[in-house]
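**Student:**
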Amino acid sequence: MEKINNVTEFIFWGLSQSPEIEKVCFVVFSVFYIIILLGNLLIMLTVCLNNLFKSPMYFFLSFLSLVDICYSSVTAPKMIVDLLAKDKTISYVGCMLQLFGVHFFGCTEIFILTVMAYDRYMAICKPLHYTTIMDQERCNKMLLGTWVGGFLHSIIQVALVVQLPFCGPNEIDHYFCDVHPVLKLACTDTYIVGVVVTVNSGTIALGSFVILLISYSIILVSLRKQSAEGRRKALSTCGSHIAVVIIFFGPCTFMYMRPDTTFSEDKMVAVFYTIITPMLNPLIYTLRNAEVKNAMKKLWGRNVFLEAKGKK
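Mapping to the numbering used here: the sequence shown position 256 is 251, numbers consecutive.
See the structure below:
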């Protein structure tokens, strides 16, 4: 069948149809986005200037912050602008690029969280071999694997959508382009495509979540053999990881581990993994991690000292 595509742009319904609610959302999400940028940049700066890249945990944490900035920037700026706009439009090409970005950075974040769980497993369960196993070369390869995995996943998602015909309507009941809302607009049967999308996204989300659960279960069991101080430090670090995993994987599982259907709650659920999680990551990792807090204090203290010295 020849592909017919009369749609050159899509129209978002946005988060709400109420102008008053949209104005409140504009202020709230603008603040959230600023926190995302500043918080994650602060973590990256702290890791870089304190030379914490040598530690695999902080090496991956810095790139998690980078992915969080990119991930939220794919949807948040457009959403914030649209909250005050009368016409919430996006071009067909822009929609496909946004769909690619959401799945690329989202999948990369899933893989980085999985790698971080593996790193904690090695550090706690195999401490004598940790530095040998998690050397810089292996960390670089694992990081490259997360980006390649995210790219391949996203390419598959976009390839499934771009080959579909769109001949109208062109209104998306969402605030960004995601697979399920866009599939509803295709003027052909999308059952097979929907199944492939669900299998692709669902396998990654559920598979990674199961791996994470197994890793942290083994870690928690192995902590019984350690001293009280060792358990406290390990639980502090792993606790922050577990909190991020629950906040991120819960909404992702709800969205992508189901058939090609959409619900009115999808937009609110999507806010959690596109905005709330990238905003909470810096808070969770800094408040529950003494080493990061100390590094930030040293960085802040050094900057204040240099500034005071410069004024003399």
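Think of the CB as a built atom: it goes at the ideal place given N, C-alpha and C, for glycine as much as any other residue.
For residue 3, does the three-state DSSP call read helix, strand or coil?
**Tutor:** Indexing the sequence shown from 1 puts residue 3 at position 8. Of the three classes helix, strand and coil, the one that applies to residue 3 here is coil, per DSSP.
**Student:** Can you tell me whether residue 15 is helix, strand or coil according to DSSP?
**Tutor:** Taking the sequence shown and counting its residues from 1, one reaches residue 15 at position 20. Note: residue 15 maps to helix in three-state DSSP.
**Student:** Can you look up residue 166 in the DSSP assignment and give me helix, strand or coil?
**Tutor:** As a working note, residue 166 is residue 171 in the sequence shown. Residue 166: strand per DSSP, three-state reduction.
**Student:** Give the straight-line distance between the Cα atoms of residue 140 and residue 130, rounded to the nearest whole angstrom.
**Tutor:** As a first step, residue 140 is located in the sequence shown; it is residue number 145 there, counting from the start. As a first step, residue 130 is located in the sequence shown; it is residue number 135 there, counting from the start. So the two alpha carbons sit approximately 15 Å from each other.
**Student:** Taking residue 85 as part of the beta strand (DSSP E), name the residues at either end of that continuous run.
**Tutor:** Start at 1 with the first residue of the sequence shown, and residue 85 comes out as number 90. Residue 85 -> beta strand (DSSP E) spans 84 to 86.
**Student:** When the Cα of residue 106 is compared with those of 25, 49 and 137, which residue comes out closest?
**Tutor:** Position 111 of the sequence shown holds residue 106. If we check each option's Cα against that of residue 106, 137 comes out closest.
**Student:** Between the segment 42 to 54 and the segment 14 to 21, do at least 3 Cβ pairs fall closer than 8 Å?
**Tutor:** No contact exists between the segment 42 to 54 and the segment 14 to 21.
**Student:** Pick out whichever of 288, 278, 292 and 201 has its Cα sitting closest to the Cα of residue 32.
**Tutor:** Translated into positions along the sequence shown, residue 32 becomes position 37. Selected option, being the one with the closest Cα: 278.
**Student:** Quick one: grab the DSSP three-state call for residue 184.
**Tutor:** The sequence position of residue 184 within the sequence shown is 189, counting from 1. It is coil, neither helix nor strand.
**Student:** Let me make sure I understand the geometry here. Which of 127, 60, 12 and 111 has the alpha-carbon closest to that of residue 82?
**Tutor:** Here residue 82 is taken as the residue at index 87 of the sequence shown, counted from 1. For residue 82, the nearest C-alpha among the options comes from 12.
**Student:** On the DSSP letters alone, give me the boundaries of the alpha helix (DSSP H) that residue 51 sits inside.
**Tutor:** Taking the sequence shown and counting its residues from 1, the one referred to as residue 51 is at position 56. First-last of the alpha helix (DSSP H) with residue 51: 51 to 77.
**Student:** Give the single residue among 167, 171, 146 and 108 whose Cα lies nearest to the Cα of residue 205.
**Tutor:** On the sequence shown, residue 205 is found 210 positions in, with the first residue counted as 1. Among 167, 171, 146 and 108, the Cα nearest to that of residue 205 belongs to 108.
**Student:** Tell whether a beta-carbon distance below 9 Å holds between residue 250 and residue 157.
**Tutor:** Looking up residue 250 in the sequence shown gives position 255. Looking up residue 157 in the sequence shown gives position 162. Cβ distance not < 9 Å, so residue 250 and residue 157 don't count as in contact.
**Student:** Given 8 Å as the limit, is there contact between the segment 37 to 50 and the segment 263 to 282, that is, 3 or more CB pairs closer than that?
**Tutor:** Flag = yes, the segment 37 to 50 and the segment 263 to 282 touch.
**Student:** Find the nearest neighbour of residue 30 within the set 48, 188 and 271, judged by alpha-carbon distance.
**Tutor:** Taking the first residue of the sequence shown as position 1, residue 30 is located at position 35. Comparing Cα positions, the closest option is 271.
**Student:** Closest by CA to residue 97, which one among 218, 148 and 263?
**Tutor:** Here residue 97 refers to the residue found at position 102 of the sequence shown. Out of 218, 148 and 263, 148 has the C-alpha closest to the C-alpha of residue 97.
**Student:** Return the residue from the list 227, 102 and 236 that minimises the CA-CA distance to residue 198.
**Tutor:** Here residue 198 is taken as the residue at index 203 of the sequence shown, counted from 1. For the residues 227, 102 and 236, the minimum Cα distance to residue 198 belongs to 102.
**Student:** Sorted by chain position, which residues of the same chain lie with C-beta nearer than 6 Å to residue 5's C-beta, five sequence neighbours on each side aside?
**Tutor:** Along the sequence shown, read from residue 1 onward, the residue named residue 5 stands at position 10. Within the same chain, residue 5 has close Cβ partners 85, 90, 165 and 167.
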